[in-house]
Every structure is written in C-alpha cells, then in structure tokens.
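In the working numbering, the protein residues as written are 8 to 78.
1. Report, in whole angstroms, the separation of the C-beta atoms of residue 17 and residue 23, which I expect to be a contact under 8 Å.
2. Using the rule of at least 16 other Cβ atoms within 10 Å of the residue's Cβ for burial, across every protein chain shown, is residue 11 buried or exposed?
3. With H, G and I counted as helix, E and B as strand and the rest as coil, what does DSSP make of residue 76?
4. Go ahead and pull the three-state DSSP assignment for residue 44.
5. Using beta-carbon positions only, say whether residue 29 and residue 53 come within less than 7 Å of one another.
6. DSSP beta-bridge partners for residue 56?
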C-alpha cells in the first residue's frame, strides 16, 4: 500500500519487531517495506486492527493515522 507514512506506522505499532511479529515476517521483509515505502496489501487488515487496538484511528484506504484515543 503506497502513500502511507511507514515509519510513523512502525513506531505506533511499537517498532520493527512488533511489525515482524504481527505479520510473521523477518527483519529483511521490514527493511524491504521501508526501502519501497509501502506495505503489502495483505498487511493492511492486520496493521489497521493492531493500530486500533493501540487506540489509534486509522484511515484504511491509505493507512493514515488520523487520531489517537486518550484514556
């Protein structure tokens, strides 16, 4: 998925290891995502769900974080 701020998404998820664990991929896959500045389409659903579970509002069409819930 293009047009997403992948670094922000990775930080919001808790870092590279968290993304690796979420998607079941290795470090080289995450490096490739960053180099291409995009996530594979199959990652959109799990990433959106994980961000929402962390209190973020997400636009799934572009994986943009549009807000965060404050407890």
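For every residue, glycine included, the Cβ atom is placed at its ideal position computed from N, Cα and C.
None of these values were measured; they are calculated from a predicted model.
For this structure:
1. Taking the first residue of the chain shown as 1, we reach residue 17 at position 10. Taking the first residue of the chain shown as 1, we reach residue 23 at position 16. Indeed, because the Cβ distance is near 6 Å, the residues count as touching under 8 Å.
2. Stepping through the chain shown from its first residue, residue 11 is reached at position 4. So residue 11 counts as buried.
3. In the chain shown, counting from the first residue as 1, residue 76 sits at position 69. Residue 76 falls in the coil class under three-state DSSP.
4. If you number the chain shown from 1, residue 44 lands on position 37. In this structure, residue 44 counts as coil in the three-state DSSP scheme.
5. Indexing the chain shown from 1 puts residue 29 at position 22. Indexing the chain shown from 1 puts residue 53 at position 46. In this structure, residue 53 lies closer than 7 Å to residue 29 by Cβ.
6. Reading the chain shown from its first residue, position 49 is the one you call residue 56. Paired residues: none, contrary to the question.
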